[in-house]
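Enquirer: So the sequence shown is residues 1 to 530, counted in the numbering used here.
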Amino acid sequence: MEKSAHTVIDVAGYLGNIQLRQWPQYVGTLLAGLTQLEIGIVMAFSAVLLPQLEADGVEVSPEHQSLLVSITTAGIVLGCSLSTVLLRYMGPRRLMMLHSPPAAASWLLVAAASDVRLVIAGRLLVSFFNAVTLPCYQAYICDVAVPRLRGRLSATPEVLCSLGVLIGYGVGSAVHWTHMAAILGVLPNVLIFAGFLWLPESPSWLTAQLQFDEAAEAGRFYKGDDYPVEREIEAAARRAEKSERVTVRDVLRKMAHRETLLPILLVTGLFVFQILSGMLAVLSYVVTIFQMAGTSLDEYMCAVIIGVTRLAANVLASGFADRFGRRTLLIGSSLMSALSLATLGAYFWAQQRGQLASADSLGWVPVTALILYMAAANFGIGPVTWMAMGELVPASVSSVANGAILLVWGAVYFGVLQAFPYLTRWLGAHGTFWAFAACCAALAAFAALLLPETRGLELHQVETLFARRPPTDASQDKKADDLRAVRPRREPLPVQRNALQLDGQQVQELRQVRRRTESCTAEFRTPAAN
């Protein structure tokens with residue numbers, strides 16, 4: 001294997017010194033992340049659309065204004081409902097590729113709309129087709145990425161979502177909204193469709209379809225010829241053997257088991273807390289919040305400041321997730337968000353009571369608090385939540401579970417987005433932000449008590465974290481934990497590049513790979529036991 005042919009990295013630990021192919025993992029992650037760049041553009045479009053409609057002299061009723069902002073959440077709920085079935089039978093790569101043509105057509109409908117109702121219908125279709133990809137992009141990235149890169153790559157889509165918000169704000173301030181819809185709605189979808197044409201499907205999905213040769217070939221394409229894909233495929237094959245040709249009813253029955261239900265409930269809780277932390281509501285009403293704070297900054301300048309802050313935080317999070325761990329990142333982000341929101345609420349409380357000595361001299365306080373909040377929330381709460389979906393939800397039920405999780409997420413998102421204007425009237429701006437701060441503090445406690453650390457673990461190892469273990473195996477579990485903590489260097493396991501053949505010897509050869517792996521593991525653990 002010539003180093004000039006592709007980039008290689010040296011990975012230590014239980015995999016040994018194995019040369020891995022790196023660039024296909026980045027290319028696949030970038031293409032999957034472009035689906036989230038589309039989401040960012042959708043989020044920024046409403047902030048650009050309403051001021052430009054007013055400038056064009058278009059009369060928009062309050063009901064239509066509310067629908068122009070919140071209709072996307074209805075599309076998310078509908079798209080996530082359908083994605084459960086589509087992901088199971090199409091696979092993540094094909095689903096992300098085939099969503100692009102109808103999504104681009106929906107954006108063109110928005111660009112050509114001559115009536116506000118057509119714009120609303122187009123935005124509903126755009127959000128619907130984009131939501132179809134929400135349950136699959138993280139599962140795809142976690143499958144094609146090696147453990148050492150998984151945290152960094154899993155945070156990339158959130159970075160691209162923030163980049164989409166920033167691009168939307170920037171382009172929207174320079175061109176008419178119809179041109180923005182035509183350009184930013186079509187270009188990302190063309191790149192997604194063209195890029196996925198030459199990439200193979202997710203190895204885990206291929207294994208679930210009993211396409212073992214194709215799964216091995218796809219694994220070597222993404223991770224290199226020397227990577228022991230047989231072990232990963234064997235683990236996926238055991239899961240597929242248990243759920244071979246199962247129906248949706250069988251999947252739902254399996255989701256009731258403890259080792260499957262616990263991670264699903266945990267991830268669902270993280271997504272609910274993400275919405276209740278207020279980060280997406282603040283992003284949707286950022287101009288209104290800056291106006292309430294009394295800042296003299298231009299509305300587009302406010303939007304760009306938030307866009308740059310969000311992007312910078314997500315870029316930093318992509319590196320720190322693998323360095324400090326997901327759990328630590330989420331706890332620190334939640335506490336910092338709670339502190340920033342509490343400060344912002346205190347400012348509005350003092351403003352309401354007329355206790356500010358000078359609003360002009362203290363105008364920097366709400367602006368700084370809001371910027372710090374958006375930085376903290378997008379440093380941990382945003383990216384770690386999406387990482388958790390890809391890492392914690394078992395692959396055997398991900399097609400159904402991820403859709404259900406995002407269905408709950410979309411419903412809560414819609415509720416908070418609709419309730420925000422009413423909350424600011426009923427509780428006041430200070431009460432609303434203090435409520436968000438309390439939710440951020442509760443999220444920190446939730447993560448500290450219940451969220452396991454998955455940094456450096458393979459996906460099949462993550463699934464064992466929730467398995468019920470008999471008390472007699474406590475000593476063995478401790479030895480396994482000590483082994484993972486020490487991670488001494490060792491010789492690489494023997495790689496059988498053609499261990500999986502699509503013939504009558506398939507099952508027997510899979511078992512041979514398992515016996516060799518167990519034998520090597522037993523030899524490796526013997527010195528530790530002594």
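Cβ atoms here follow ideal geometry from the backbone N, Cα and C, with glycine treated the same way.
A quick note: this is a predicted structure, and the numbers were derived from the prediction, not measured.
Give the C-beta separation of MET96 and THR35 to the nearest angstrom, bearing in mind that I take them to be a contact with Cβ-Cβ under 8 Å.
Expert: Counted from its first residue, the sequence shown places residue 96 at position 96. Counted from its first residue, the sequence shown places residue 35 at position 35. At roughly 6 Å, the Cβ-Cβ gap stays under 8 Å, so MET96 and THR35 are in contact.
Enquirer: Terminal residues of the continuous alpha helix (DSSP H) containing TRP364?
Expert: Mapped onto the sequence shown, residue 364 falls at position 364. First-last of the alpha helix (DSSP H) with TRP364: 364-376.
Enquirer: Going by Cα to Cα distance, which pick from LEU82, ILE381, HIS64, ALA145 is closest to VAL229?
Expert: Position 229 of the sequence shown, counted from the start, is the residue given in the question as residue 229. Nearest C-alpha to VAL229: ALA145.
Enquirer: Output the boundary residues of the alpha helix (DSSP H) element that contains ALA441.
Expert: Translated into the one-based positions of the sequence shown, residue 441 becomes position 441. 428-450 is the span of the alpha helix (DSSP H), which, as asked, contains ALA441.
Enquirer: Is it buried or exposed, GLN274, if we count other Cβ atoms within 10 angstroms and call 16 or more buried?
Expert: Translated into the one-based positions of the sequence shown, residue 274 becomes position 274. Answer is buried; the Cβ neighbour count reaches 16.
Enquirer: Let me check understanding here. Comparing Cα to Cα, which of ALA350, THR385, ALA44, LEU341 lies closest to THR368?
Expert: For the purposes of this step, residue 368 is taken as the residue at position 368 of the sequence shown. For the residues ALA350, THR385, ALA44, LEU341, the minimum Cα distance to THR368 belongs to LEU341.
Enquirer: For MET255 and LEU270, what's the separation of their Cα atoms in angstroms?
Expert: Here residue 255 corresponds to residue number 255 of the sequence shown, with the count starting at 1. Here residue 270 corresponds to residue number 270 of the sequence shown, with the count starting at 1. Roughly 18 Å separates the two Cα atoms.
Enquirer: Given a cut-off of 7 Å, decide if SER154 and ILE141 are closer than it, judged by their beta-carbon atoms.
Expert: Position 141 of the sequence shown holds residue 141. Position 154 of the sequence shown holds residue 154. Result yes, Cβ atoms of ILE141 and SER154 sit closer than 7 Å.
Enquirer: Taking 7 Å as the cut-off, decide whether the C-beta atoms of SER70 and LEU417 are in contact.
Expert: Reading the sequence shown from its first residue, position 70 is the one you call residue 70. Reading the sequence shown from its first residue, position 417 is the one you call residue 417. Contact: yes.
Enquirer: Could you round the C-beta distance between ALA321 and LEU311 to whole angstroms and report it? I think they count as a contact, below 8 Å.
Expert: What you label residue 321 is simply residue 321 of the sequence shown in a count that begins at 1. What you label residue 311 is simply residue 311 of the sequence shown in a count that begins at 1. The Cβ separation is near 16 Å, so there is no contact.
Enquirer: Just tell me which of GLY456, VAL462, LEU423 has its CA closest to the CA of ARG152.
Expert: Residue numbering aside, residue 152 sits at position 152 when the sequence shown is read from its first letter. With distances taken between Cα atoms, ARG152 lies closest to GLY456.
Enquirer: In this structure, how does DSSP classify ARG21 when only helix, strand and coil are distinguished?
Expert: In the sequence shown, the residue the question calls residue 21 occupies position 21. DSSP places ARG21 in strand when its eight states are reduced to three.
Enquirer: What three-state label does DSSP hand VAL60 in the structure shown?
Expert: Translated into positions along the sequence shown, residue 60 becomes position 60. Coil, per DSSP.
Enquirer: Check this for me: beta carbons of VAL175 and GLY40, under 7 Å apart or not?
Expert: Position 175 of the sequence shown, counting from 1, holds the residue named residue 175. Position 40 of the sequence shown, counting from 1, holds the residue named residue 40. Taking 7 Å as the Cβ cut-off, VAL175 and GLY40 do not qualify as a contacting pair.
Enquirer: Residues in the same chain with beta-carbon distance under 8 Å from GLU217, minus the five sequence neighbours each way, listed in chain order, please.
Expert: The residue labelled residue 217 in the question sits at position 217 within the sequence shown. Cβ neighbours of GLU217 beyond the five flanking positions: PRO200.
Enquirer: Let me confirm a value: ASP115 is counted as buried when at least 16 other C-beta atoms fall within 10 Å, else exposed. Which label applies?
Expert: Taking the sequence shown and counting its residues from 1, one reaches residue 115 at position 115. Label assigned to ASP115: exposed.
Enquirer: Between the stretch 103-122 and the stretch 430-449, do at least 3 Cβ pairs fall closer than 8 Å?
Expert: no
Enquirer: Out of LEU206, GLU458, MET374, which one is the CA nearest neighbour of ILE289?
Expert: Here residue 289 corresponds to residue number 289 of the sequence shown, with the count starting at 1. Residue MET374 is the option with its Cα nearest to ILE289.
Enquirer: Excluding the five sequence neighbours on either side, which residues of its own chain have a C-beta within less than 6 Å of the C-beta of HIS430, listed in chain order?
Expert: The residue you call residue 430 lines up with position 430 of the sequence shown. For HIS430, where only same-chain residues beyond five positions count, the Cβ hits under 6 Å are GLY345, PHE348, TRP349.
Enquirer: Measure from the alpha carbon of TYR109 to the alpha carbon of each residue in TYR413, GLY185, ARG150, then state which is nearest.
Expert: Numbered from its first residue, the sequence shown carries residue 109 at position 109. It should be pointed out that residue 109 corresponds to Leu in this sequence rather than to Tyr. For LEU109, the nearest C-alpha among the options comes from GLY185.
Enquirer: Looking at C-beta atoms only, is the number of pairs between the stretch 323-339 and the stretch 379-398 that lie closer than 8 Å three or more?
Expert: yes
Enquirer: Based on Cα-Cα distance, which residue from HIS257, THR156, ALA447, TRP177 lies nearest to ALA467?
Expert: Your numbering for residue 467 matches position 467 in the sequence shown. Cα-wise, what sits closest to ALA467 is HIS257.
Enquirer: Among LEU465, LEU49, ALA47, ALA44, which residue has its Cα nearest to the Cα of THR260?
Expert: Looking up residue 260 in the sequence shown gives position 260. Here the closest residue by C-alpha is LEU465.
Enquirer: Measure the C-alpha to C-alpha separation of THR343 and VAL286 and round it to an integer number of angstroms.
Expert: Stepping through the sequence shown from its first residue, residue 343 is reached at position 343. Stepping through the sequence shown from its first residue, residue 286 is reached at position 286. Whole-angstrom Cα-Cα distance: 17 Å.
Enquirer: Name the residue from GLY168, ALA401, TRP205 whose alpha carbon lies nearest to the alpha carbon of LEU283.
Expert: Indexing the sequence shown from 1 puts residue 283 at position 283. Per the Cα distances, GLY168.
Enquirer: Where do the ends of the alpha helix (DSSP H) carrying PHE348 lie?
Expert: Within the sequence shown, numbered from 1, the residue matching residue 348 stands at position 348. Start and end: 326-352.
Enquirer: Please report the Cβ distance between GLY195 and LEU31, rounded to the nearest whole angstrom; I am assuming they are in contact, meaning their Cβ atoms lie under 8 Å.
Expert: As a working mapping, residue 195 is identified with position 195 in the sequence shown. As a working mapping, residue 31 is identified with position 31 in the sequence shown. The pair is a contact, with the Cβ atoms about 4 Å apart (cut-off 8 Å).
Enquirer: If we ignore side chains and look at the alpha-carbon of each, how far apart do GLU63 and VAL126 end up?
Expert: Position 63 of the sequence shown holds residue 63. Position 126 of the sequence shown holds residue 126. Those two C-alpha atoms are separated by around 20 Å.
Enquirer: Verify whether the separation of the beta carbon atoms of PHE129 and HIS99 is less than 7 Å.
Expert: In the sequence shown, counting from the first residue as 1, residue 129 sits at position 129. In the sequence shown, counting from the first residue as 1, residue 99 sits at position 99. Taking 7 Å as the Cβ cut-off, PHE129 and HIS99 qualify as a contacting pair.
Enquirer: Check each candidate in LEU160, LEU252, HIS460 and name the one with the smallest Cα separation from SER399.
Expert: Taking the sequence shown and counting its residues from 1, the one referred to as residue 399 is at position 399. Considering only alpha carbons, the answer is LEU252.
Enquirer: Is it the case that the Cβ atoms of TYR413 and THR73 are separated by a distance below 7 Å?
Expert: Taking the first residue of the sequence shown as position 1, residue 413 is located at position 413. Taking the first residue of the sequence shown as position 1, residue 73 is located at position 73. Against a cut-off of 7 Å, the Cβ pair of THR73 and TYR413 comes out as a contact.
Enquirer: Would you verify that the beta carbon of LEU283 is, or is not, closer than 7 Å to some beta carbon of chain B?
Expert: Protein chains in the displayed structure number just one, and chain B is not present.
Enquirer: Work out the CA separation of PRO394 and PHE420 for me, nearest whole Å.
Expert: Numbered from 1 along the sequence shown, position 420 holds the residue referred to as residue 420. Numbered from 1 along the sequence shown, position 394 holds the residue referred to as residue 394. One C-alpha to the other measures close to 34 Å.
Enquirer: From the DSSP output, in three-state form, read off ASP322 for me.
Expert: For the purposes of this step, residue 322 is taken as residue 322 along the sequence shown, with counting starting at 1. DSSP places ASP322 in helix when its eight states are reduced to three.
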